[in-house]
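Here's the structure, in structure tokens; my notes come after.
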Amino acid sequence: MKLLNKYVLTTISDRSFIRQLNDGSQRDTWIFVYTRRWRRDNGVLHGFSDRSVRWFRIPVAEILTGETFPGEDLYLLTASGNFLLFASNTHSGIIAVDLVDKSVRRISSCPLGPRGTSSWRRSGMKLVPDPSNPGHFRFVFAELVNNRPVLFTYHSDTTTWHTKEADNTSNWDFMKNSNVFLSLSNRPHESLVMSVDDGSVINRSPAILRPRINQDAIRECPSSVGFSRNDLESQFLHIHGDEYKVIIRLDTIGLSKMKKMKNLEVWEISSNGEKWELVSRAPSHVISNKPCGVMMGCLERRLGVIRVALMTNHEGLWNIIWLDYDKERDKWEWVPMPHCRFLQGSNMAGISFSSGLTISL
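Quick note on our numbering: the sequence shown kicks off at 184 and runs consecutively.
See below:
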């Protein structure tokens, strides 16, 4: 459009136009899906916004050209703001991509040493853009080291890692909305969650919470962490994110291995951090009754809205379901999405919610 119309060029190049555009886009939520045709193939990134009506193909492969090794096996870990983080299975490292300035940086090995895709737990990490400096971010993740909970923080402005052992306490001193919650482990009876005061990551030790779930409500329920999948015998799927988790009950269809969603519940860590509390059950009109052989998903909480993305596969065909729950208004919403044709015939190599994406013209 810049080349075709001088008026459009003048309008969209104006700084006030770009500022207003980005002010509106700050509230947008995106889903990014990274796919590959085969293992050594250059991956393709697609994005969908809750204000759009189509998928956008994002040229991340072009940005990575010359910055990655030929045939490097990448997996999308997480995204936030203008940044994407990829795990390299080839070199067991992390690669950060800035979509705005089209830059790529390799993050120095974390104190735990090289880590492949299987070492990362999606609900145990968080990418936090620096609000005072759009070109920088913090990457935090929690891990049990010698059975002790440790917080690892990477600062892009100094390119350094910091580690801090958590206080082994259930103290719940600060507001939940200002904290970052990182899952360490989830068992049928108890979860282990690290609560990090986002305003003082360096000066204050993180706390450990051990919320328990009422087993009379959900008996013998297997539990997963983060971006999780269910086996064919399981009737429940747990998806963790922030201080919430979604529990999906699945029904087997006849004698087949196919399942369909029966109901979906949102649970929240209680105000004292000691138990999981039921927040809401999704109404029937947002529950998908399509059969699936595999279901997986991710979850995030932002601006009072809990967002759940579910990926299902039925006889090789992928589908994505996006549900929003506004806790303050106690309102569920099914977000309509166009068909994911780009997924057919591809291998899924990562999915992530994101927000705060800005635009440079």
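Glycine included, each C-beta is placed from N, C-alpha and C at the ideal position.
What you are looking at is a predicted structure, and each value in this text was computed from that prediction instead of being measured.
Return yes when the Cβ of residue j is within less than 8 angstroms of the Cβ of residue i, no when it is not.
| i | j | result |
| --- | --- | --- |
| Pro389 | Ser378 | yes |
| Phe335 | Phe320 | no |
| Cys523 | Asn496 | no |
| Leu461 | Gly480 | no |
| Leu257 | Ser271 | yes |
| Ile452 | Val363 | no |
| Pro253 | Ser275 | no |
| Thr541 | Pro242 | no |
| Pro394 | Trp459 | yes |
| Phe215 | Leu267 | yes |
Is it right to say residue i is buried, meaning 16 or more other beta carbons lie within 10 angstroms of its own, or is it exposed?
| i | result |
| --- | --- |
| Trp213 | buried |
| Ile504 | buried |
| Thr346 | exposed |
| Phe410 | Legend: pLDDT at Phe410 = 40, less than 50; position of this residue unreliable, value from coordinates given subsequently. Looking at its Cβ environment, which holds 16 or more other Cβ atoms inside 10 Å, Phe410 is buried. |
| Ser537 | buried |
| Asp425 | buried |
| Ile218 | Before going on, a small fix: residue 218 reads as Thr here, not Ile. Buried is the call here. |
| Asp284 | exposed |
| Ile436 | exposed |
| Pro312 | buried |
| Asn188 | exposed |
| Val449 | buried |
| Asp197 | exposed |
| Asp340 | exposed |
| Val328 | exposed |
| Leu486 | exposed |
| Gly551 | Any question about residue 551 goes unanswered here, given that the chain covers just 184 to 544. |
Following the continuous beta strand (DSSP E) through residue i, name the residue where it begins and the one where it ends.
| i | result |
| --- | --- |
| Leu482 | Val477 to Arg485 |
| Lys514 | Lys514 to Val518 |
| Arg432 | Tyr427 to Thr435 |
| Phe364 | Asn362 to Asn369 |
| Val216 | Thr212 to Arg219 |
| Ile503 | Leu500 to Asp509 |
| Asp380 | Ser374 to Asp380 |
| Met441 | It is not in any beta strand (DSSP E) - Met441 carries neither H nor E in the DSSP assignment. |
| Phe525 | No beta strand (DSSP E) contains Phe525, which DSSP labels as neither H nor E. |
| Ile534 | Asn530 to Ser538 |
| Val469 | Here Val469 belongs to no beta strand (DSSP E), and DSSP marks it neither H nor E. |
Check for me: the alpha helix (DSSP H) holding residue i runs from which residue to which?
| i | result |
| --- | --- |
| Thr495 | No alpha helix (DSSP H) contains Thr495, which is instead part of the beta strand (DSSP E) from Val488 to His497. |
| Lys458 | Segment: none, Lys458 is in no alpha helix (DSSP H) and carries neither H nor E. |
| Val243 | Val243 to Leu247 |
| Val191 | Lys189 to Ser196 |
If you pair each beta-carbon of the region 524-533 with each one of the region 500-509, do three or more pairs fall below 8 angstroms?
-> yes
Would you mind listing the alpha helix (DSSP H) stretches within the region 275-346 that are 4+ residues and don't spill past its ends, in chain order?
-> Entirely contained in the region 275-346, not one alpha helix (DSSP H) run reaches 4 residues.
Can we say the region 327-334 touches the region 296-313, given the rule of at least three CB pairs closer than 8 angstroms?
-> The region 327-334 vs the region 296-313: no contact.
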